[in-house]
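Residue numbers (our numbering), protein chains in the order written: chain A, 2 to 255; chain L, 51 to 235; chain Y, 2 to 204; chain C, 150 to 962.
1) Which residues of chain C have a Cβ atom closer than 8 Å to the Cβ of residue 59 of chain A, listed in chain order?
2) How big is the Cα-Cα spacing for residue 169 of chain A and residue 915 of chain C?
3) Could you work out which residue in A/66, A/211, A/17, A/236 is closest to residue 152 of chain Y when comparing CA atoms only?
4) Give me the subset of the segment 125-142 of chain Y whose CB atoms are less than 8 Å from a CB atom of chain A, sorted by chain position.
5) Does the count of Cβ pairs from the segment 181-190 of chain Y and the segment 152-172 of chain C closer than 8 Å reach three?
6) Counting only the same chain and skipping the five closest in sequence on each side, list residues whose C-beta sits under 8 Å from that of residue 77 of chain L.
7) Keeping to the same chain, check which residues put their C-beta closer than 7 Å to that of residue 72 of chain L; ignore five residues upstream and five downstream.
8) Does residue 116 of chain A get closer than 8 Å to chain Y when you measure Cβ to Cβ?
9) What are the residues in the segment 166-189 of chain L lying within 8 Å of chain C by C-beta distance?
10) Please classify residue 363 of chain C: is it buried, with 16 or more other beta-carbons within 10 angstroms of its beta-carbon, or exposed?
11) What are the residues in the segment 185-218 of chain A lying within 7 Å of chain Y by C-beta distance?
12) With a Cβ-Cβ cutoff of 8 Å, do residue 427 of chain C and residue 414 of chain C count as a contact?
13) Identify each residue in the segment 327-361 of chain C for which the Cβ-Cβ distance to at least one residue of chain L is less than 7 Å, and report them in chain order.
14) Taking contact to mean at least 3 C-beta pairs separated by less than 8 Å, is the segment 375-382 of chain C in contact with the segment 344-364 of chain C?
15) By DSSP, does residue 1 of chain Y sit in helix, in strand, or in coil?
16) Taking 8 Å as the CB-CB limit, is residue 215 of chain L close to chain C?
17) Which same chain residues end up closer than 6 Å to residue 873 of chain C when comparing Cβ atoms and leaving out the 5 residues on each side of it in sequence?
18) Would the beta-carbon of residue 176 of chain C fall within 8 Å of that of residue 127 of chain L?
19) Around the Cβ of residue 79 of chain Y, are there at least 16 other Cβ atoms within 10 angstroms (buried) or fewer (exposed)?
20) Nearest-angstrom Cα distance between residue 131 of chain L and residue 158 of chain A?
21) List in chain order: all unbroken beta strand (DSSP E) runs of 3+ residues lying wholly within the segment 164-213 of chain A.
22) So with CB distances below 7 Å, who are the chain L contacts of residue 143 of chain A?
23) Between which two residues does the alpha helix (DSSP H) harbouring residue 140 of chain L extend?
24) I want to verify the contact list: residues of chain L whose CB lies under 8 Å from the CB of residue 503 of chain C, in sequence order.
25) With 16 other CB atoms within 10 Å as the buried threshold, where does residue 168 of chain Y fall?
26) Excluding the 5 residues preceding and the 5 following residue 886 of chain C in the sequence, name in chain order all residues of the same chain whose CB lies nearer than 6 Å to its CB.
27) Compute the Euclidean distance between the alpha carbons of residue 71 of chain A and residue 196 of chain A, then round it to the nearest angstrom.
28) Assign residue 143 of chain L to one of two classes, buried (16 or more other C-beta atoms within 10 Å of its C-beta) or exposed (fewer than that).
29) For residue 81 of chain A, decide whether its Cβ has a neighbour in chain Y, counting only Cβ atoms nearer than 8 Å.
30) Please give me, in chain order, every unbroken run of the beta strand (DSSP E) with length at least 3 that falls completely inside the segment 533-594 of chain C.
31) State the DSSP-derived secondary structure class of residue 209 of chain L, mapped to helix, strand or coil.
32) Return the chain-ordered ranges of every alpha helix (DSSP H) run that is complete within the segment 150-195 of chain L and spans a minimum of 4 residues.
33) Should residue 417 of chain C be flagged as near chain L, meaning a C-beta pair shorter than 8 Å?
34) Does DSSP put residue 341 of chain C in a helix, in a strand, or in coil?
35) Compute the Euclidean distance between the alpha carbons of residue 945 of chain C and residue 416 of chain C, then round it to the nearest angstrom.
36) Rounded to whole angstroms, what is the Cα-Cα separation between residue 777 of chain C and residue 299 of chain C?
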């Protein structure tokens with residue numbers, strides 16, 4: 002199946018936050034008690050009950066002033082740090098469509114994914130199980146659009162064939178964020194500014210240590226372990242053990 | 051590498067070798083749960099908030115609302131919704147809804163639960179008493195006015211058309227002229 | 002006169018075997034976190050969450066016993082001499098059969114190196130283990146680095162452990178006696194630790 | 150809206166001013182952005198940079214309450230540069246009409262039009278008239294060059310609104326002013342369309358009606374009325390505020406915008422005679438000449454059909470206002486405050502937060518004997534007696550709270566801003582023991598009627614002769630289950646007897662096909678003539694779900710139903726030239742085929758204007774053309790800039806008349822302390838305005854009780870610019886106190902560049918803004934911004950001026 006993805010056209014977002022609520026409605030997520038901290042942006046961060054949110058970004062002064070809106074969510078990485086660090090097979094996984102799904106029954110509450118994510122996305126709920134945007138994998142598997150995408154009045158959020166979305170965004174002159182990073186994000190931004198304008202990392206990547214750990218140390222380590230076992234066995238059958246009797250034989254031979 | 055990441059290996063005999071050496075197995079799975087709204091009853095409605103008039107579908111099962119989302123056939127919103135419209139579900143699943151008539155007596159510090167029958171009887175008597183006490187058949191100039199200035203009403207742009215019509219008809223039959231609502235403010 | 006000489010005190014032996022048990026608990030409870038392949042090992046503990054708990058408890062036991070054991074023998078294990086250099090030069094005589102043993106103290110150069118390595122690895126695993134105790138508690142980079150280092154030292158320790166077990170058991174028959182009930186055969190001592198043997202016997 | 154939501158996509162220029170569509174009508178931006186995709190320009194004019202401004206091509210800030218100055222400058226720009234659509238104006242407007250030579254304008258009379266009486270604070274409008282020929286038809290100069298013609302007078306009047314003067318009033322930098330003017334005026338030609346999206350930002354001013362008039366004039370100059378992508382579009386705020394207005398839950402009108410009877414109209418004949426507009430122009434359709442049919446059919450729907458013509462069909466049973474009596478919102482609460490109102494219904498409304506000068510409203514309610522509140526949730530009105538500053542023990546108001554069903558727990562129709570009346574169905578029964586509004590009305594009807602039948606009382610006929618036939622009556626003579634379809638059918642209307650019209654026989658009991666069939670002889674009923682055609686023998690038109698759009702301009706004629714007679718774009722006969730050909734060939738609304746009209750339902754089916762025997766295009770106006778010169782207004786036939794009642798500047802830069810000269814001044818007249826205002830007072834030096842946020846609806850009674858929405862906007866805030874914040878030592882997130890002459894509220898400060906100080910007459914003026922969607926009944930949410938707003942209304946509508954007033958702001962101690 003061709004990979005599917007979100008394309009988030011920031012120029013079209015009016016921050017109505019239909020996406021924020023549609024997600025809660027479909028996924029039956031409760032609200033948190035909040036306070037105004039001097040901003041419209043509430044809650045200020047993703048929470049276990051908030052899978053996507055709009056960031057309100059004010060920059061500049063006077064005529065150069067801009068107010069931009071960014072839908073923050075799991076970016077469904079092709080090379081997903083969370084999946085990579087997750088010890089429990091199938092707790093976090095790529096769906097057939099390429100979304101990063103999860104199965105709370107398999108989550109072992111180790112919190113590694115929270116740490117492994119380059120975008121600080123996964124959260125743990127009251128049962129200490131992973132939660133995050135899963136791209137409404139239940140809806141997508143049944144041929145529906147994710148709840149947020151369906152709700153979005155201005156088509157700022159789109160979901161569909163990844164290659165086609167990229168082509169369409171490029172054709173309209175937008176800069177696509179996440180086309181190749183992390184083996185291609187499954188939720189990309191079509192930006193009408195620079196990544197800095199949206200407080201986005203220029204080159205998002207999985208920390209080098211995760212790469213070293215999962216892609217170097219782990220395989221080499223397993224080889225090393227079996228190598229050591231093998232070497233011991235080989236030593237035993239070739240050189241052989243240092244039998245205490247050897248000495249007597251040596252003496253006897255002299 | 052790219053392929054194996056998004057490859058869809060299933061646990062099978064072929065992976066046993068990989069299991070022994072401990073490398074190679076990448077997680078991937080198909081989601082196969084039935085949709086929560088499968089076979090639910092669909093009822094169309096119009097959003098109760100602003101006057102764009104967006105269409106919604108209310109999914110019900112066993113007489114209870116299980117989901118609400120935009121009506122994709124509605125020519126205005128085409129299935130989309132803003133935050134208020136998207137929150138329709140919580141208008142039903144809501145601990146704050148008042149579901150019994152309440153009464154607050156003179157000088158009382160609190161509400162008291164009362165029956166519909168009692169409330170409606172009480173209100174009818176109050177309407178009559180105030181109307182009778184303040185009704186003017188003629189004004190100071192002696193012209194017929196048949197009204198009461200002693201009762202007033204505000205509301206509501208949240209009523210359905212049929213209810214608005216009924217409400218003004220009812221109020222005017224009682225002689226009210228102080229009839230106003232959201233359109234004035 | 003006995004054919005045996007005392008090699009390890011009861012304290013040594015108890016600590017060592019607690020350490021060994023902790024080690025195996027750590028290995029089996031940690032393997033599930035190390036790679037999906039080994040996820041099934043969590044079943045020994047009744048599930049991953051319990052496995053992680055066991056790993057944390059065993060980790061503390063391991064840390065304490067490993068440090069104790071090191072300190073108990075630090076005097077012997079931290080001193081290297083010319084013979085040790087020769088020993089290393091000859092790869093401890095393990096590369097061919099029947100070579101002349103190089104005179105060694107209570108612990109040969111390899112054992113001393115292993116003791117030092119164990120200590121360093123214990124501290125490293127302990128420190129990184131503390132950082133990743135709750136992976137959301139500390140700064141992300143530090144946690145990621147710690148996860149990586151924890152894995153790295155685990156692997157190194159595993160390899161060391163394989164060698165240690167091999168050489169302490171079938172690789173050097175008679176060695177295990179010392180740790181099992183405290184005494185080794187004199188002939189073993191004379192062969193593997195001649196300087197120590199002389200110290201103990203030849204005063 | 151003259152047009153409708155989808156139609157916004159047909160615009161070339163979209164001006165959003167006096168509204169904040171992206172936040173308060175978010176789905177409208179589906180169409181705003183579709184228009185932008187096709188190259189349209191979006192202009193945002195607002196005191197504050199909003200989520201709408203964030204998407205605009207041009208953003209121009211202006212000081213609250215200076216919209217007429219801003220738009221007056223645009224009129225001058227259009228006329229000076231001849232950017233208007235001459236042919237359109239000649240055909241469809243009164244621009245060529247010649248005005249009474251005695252008519253004088255503010256440029257000559259220091260801000261006043263001719264006829265002002267200082268004593269009466271009102272105008273004698275006799276000079277606000279046209280020169281007429283012997284037949285009484287207005288004289289005109291088709292070349293529009295006569296110095297007394299409307300266009301020339303308009304140009305003369307607004308010649309005072311130079312960019313320098315305008316900028317000095319509004320605080321808008323001239324550069325942005327001209328950018329907006331140039332972009333908008335670019336549509337004054339065939340094939341180009343510009344639309345205005347406005348809302349309460351224009352109505353809630355002492356010059357509210359004239360704000361909209363100014364824009365209507367611009368749209369007529371540019372030929373933007375009647376066309377696709379044009380019009381004057383009020384973005385209405387509640388799901389059925391259009392319907393509730395159409396059904397006239399208002400003191401001054403009966404369903405279908407028929408005037409409320411008044412005491413001097415002592416019988417039906419007088420009502421018809423006095424209230425029916427007249428014309429001497431044979432080419433004017435003057436549709437309101439049909440008033441007799443509509444009022445008669447309304448009476449037939451309201452009252453027992455046994456009432457005869459001799460009994461005026463029950464005209465006397467309707468309550469009548471005294472001549473000149475104003476029973477509008479501000480007056481209602483003023484009288485309540487003075488103890489003259491004893492009983493009160495607050496049905497689906499929360500005046501304790503929504504009423505301007507809410508403190509006065511709350512105190513007024515304490516003087517009631519009884520109050521009935523009908524709502525889904527507890528609110529500040531229902532529980533006013535335990536609100537801040539109230540002593541429950543001292544309040545003798547008995548309060549009944551009746552819990553009511555939500556929108557999807559009942560069946561019925563609502564009319565959106567584009568006049569589409571859409572049916573919605575019941576998905577689930579009412580929650581718990583709550584009930585349908587209609588069931589409660591039904592119970593009250595029967596219980597009150599029963600009391601009058603049993604006990605007698607004041608004028609029982611008005612009650613007992615009411616028709617109330619909405620379902621099966623039980624053995625007790627009572628309806629126990631309301632049939633809402635029966636109500637919908639009554640609104641549409643029935644034939645009450647067999648009637649032959651144009652050779653076709655309509656049987657008694659048949660539904661009337663449309664208002665053209667209504668009669669003034671009592672043979673038809675119609676609860677609301679405007680909705681006649683909505684529920685016919687063809688079925689419930691409101692419930693239609695047809696997807697076709699044959700015109701391609703987004704009319705969707707088979708989706709629901711739209712008043713009048715399913716016409717989707719009002720005044721659509723102005724979208725064509727004299728030969729019936731659309732100005733815009735690519736986006737035609739209607740077009741003449743040679744034998745008939747195609748496209749939308751035309752505004753009257755007469756032939757194109759070039760053909761004999763036709764009628765002019767603006768059928769609701771006696772002159773048959775749109776009014777650039779509008780003598781119906783109280784302040785003058787042309788708009789003039791006046792300062793808000795509370796304003797930061799001493800003098801109106803345009804004239805010696807500072808405020809709207811014809812507003813009702815409560816404070817001076819009644820002397821109530823609660824109605825005090827402070828203009829140019831150092832105690833309240835900052836301009837303030839109010840607004841809503843996307844996440845809350847109106848006073849927030851519904852949305853503050855929706856946890857998902859409260860999470861996003863949890864509490865009261867005030868937005869202010871960094872300069873003022875620095876001056877006051879306020880940081881974002883601080884709690885501050887905002888006070889006015891009427892009250893104070895606490896709010897969290899949002900310090901933002903989205904508010905900029907204004908340069909007005911050489912001084913720096915700061916403006917702050919507060920939402921009015923909060924109330925004390927929601928824990929930790931703060932209270933309503935309407936505690937600050939004044940008791941003053943628009944001169945024509947009495948809509949309160951809540952969009953421009955003066956406050957002070959201090960860090961909370």
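Using N, Cα and C, we set each Cβ at its ideal position, and we do this for glycine too.
So, to answer that:
1) 901, 902, 903
2) 44 Å
3) A/211
4) 135, 136, 137, 141, 142
5) no
6) Here the model assigns residue 77 of chain L a pLDDT of 43, short of 50, so the residue's position is not dependable, and the following value carries that caveat. Counting only Cβ-Cβ distances below 8 Å, and skipping sequence neighbours, we find nothing.
7) Caution applies to residue 72 of chain L, whose pLDDT of 42 falls short of 50 and renders its modelled position unreliable; the value that the coordinates give is listed next. So the list is empty, once near-sequence residues are dropped.
8) yes
9) 166, 169, 170, 171, 172, 173, 174, 175, 176, 177, 178, 180, 181, 182, 183, 184, 185, 187, 189
10) buried
11) 208, 210, 211, 213, 214, 218
12) no
13) none
14) yes
15) The question about residue 1 of chain Y has no answer here: the residues shown for chain Y are numbered 2 through 204.
16) yes
17) 915
18) yes
19) exposed
20) 12 Å
21) 176-178, 188-192
22) 85
23) 139-142
24) 232, 235
25) buried
26) 893, 895, 959, 961
27) 11 Å
28) exposed
29) no
30) 547-552, 561-564, 569-573
31) coil
32) 166-184
33) no
34) coil
35) 27 Å
36) 7 Å
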